[in-house]
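Remarks on the structure that follows.
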Amino acid sequence: MNLCTNAWQALEGGVGCISVVLDAALIGDGVTPRAGLMPPGRYAHVQVSDDGTGMGAAVQAHVFEPFFTTKPVGRGTGLGLAVVHGIVTAHGGAITMNSTPGRGSTFDVYLPLLDAPVDTMTIDPVAPQVSVAGQGQHVIYVDDDEVMLVMVQHLLQRLGYRVSGFADPQAALTAIREQPRAFDLVVTDFNMPGLSGLQLAAALAALRVDLPIILSSGYVTEDMRTQAMRLGVRGVLHKENTLDELGKLVGRVLTRN
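For what it's worth, the working numbering labels the leading residue of the sequence shown as 450, then goes sequentially.
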């Protein structure tokens, strides 16, 4: 989804072609694909390409870095490709790109294929539990970045929570004002139009002081932490660590609540 969103945003005026291709790739001993050195084996190869604006070498050198973006203010967080890179590498895969200014970009993702059906696989009993499983608690997630909104909703749902997502903090505030006891936790981005995450936390504290709140931000300062603590915010999350840490933090806050 992140790759396709970036491809669409690269099209001038939204006009152009986006291609998504899936095929199999066999990586043998001593073979180094364009994605870099990978163990030999069978891989799923996902390719997303567009004929949009493309990127020069200087931009390509930084595209997978968190918060690097060439988009205007308010149109992107710079997390999309960093999230893609994190997901791919976490699954033992690799990603590469090829882009030419004015001619578009192509991203190639390689993910290792399983050798056995999923239902025959077992989990290592000594592997650490990375997140506390939810028990149907109702979580509100607020973020004006639609990619992050959808991604975090799916993340929390897989962990066993009910999730209501809002791109507009005012709409989230209205929903909680109408049913203040219907929600168990609020996770909100800090930098949003209309209301910041801290302003939303202040408004929620006036409605229901015992409603736990987690604040997410791409740039966490000591002043922000101090203000969050004064408002009763239970946790502050570095946004680039969302995939790795949000599930654990949500579980910890709800357990203490």
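C-beta: ideal position from N, C-alpha, C; glycine also.
Roughly how many whole angstroms lie between the Cα atoms of ALA652 and THR555?
45 angstroms
Do you know how far the Cα of TYR559 is from the Cα of GLU461?
28 angstroms
Using DSSP with H/G/I as helix, E/B as strand and the rest coil, what is ASP617?
In the structure shown, ASP617 adopts coil according to DSSP, grouped into three states.
Host alpha helix (DSSP H) of THR454 (start-end):
Residues 451–458.
Taking just the CA atoms, how far does ASN451 sit from GLU595?
If you draw a straight line from the Cα of GLU595 to the Cα of ASN451, it comes to about 10 angstroms.
Count the C-beta pairs between the stretch 584–599 and the stretch 609–619 that are closer than 8 angstroms, then say yes if the count reaches three, no if not.
yes
According to DSSP, ILE544 sits in a beta bridge with which residue or residues?
VAL558
When you compare each of VAL599, THR549 and ALA621 to THR691 by their alpha carbons, which one comes out closest?
Residue VAL599 holds the alpha-carbon nearest to the alpha-carbon of THR691 among VAL599, THR549 and ALA621.
Cut-off 6 angstroms between Cβ atoms - residues of its own chain near VAL495, not counting five sequence neighbours on either side:
LEU471 and VAL558
Which class does GLY503 belong to by DSSP, given the choice of helix, strand or coil?
coil
Pick helix, strand or coil for THR704, following the three-state DSSP scheme.
helix
Could you spell out where the alpha helix (DSSP H) holding GLY684 opens and where it closes?
No alpha helix (DSSP H) contains GLY684, which is instead part of the beta strand (DSSP E) from 684–687.
Hey, how far is the Cα of LEU698 from the Cα of GLY551?
43 angstroms
Per-residue DSSP class, three states only, for VAL512:
Coil.
Taking DSSP as the reference, what is the three-state secondary structure of VAL596?
If DSSP states are grouped into helix, strand and coil, VAL596 belongs with the helices.
LEU660: beta carbon under 7 angstroms from a heavy atom of the ligand ZN?
Ligands in the displayed structure: none, and consequently the ligand ZN is not present.
On the CB-based measure, 16 or more other CB atoms within 10 Å of its CB, does GLY505 come out buried or exposed?
exposed
Out of curiosity, what's the CA-to-CA distance linking ALA456 and ARG705?
Going by C-alpha positions, ALA456 is about 42 angstroms away from ARG705.
Starting from LEU653 and walking both ways along the alpha helix (DSSP H), at which residues does that stretch end?
646–656
Quick test of your reading: ALA473 and ALA493, contact by CB under 8 angstroms. State the CB separation rounded to the nearest angstrom.
7 angstroms
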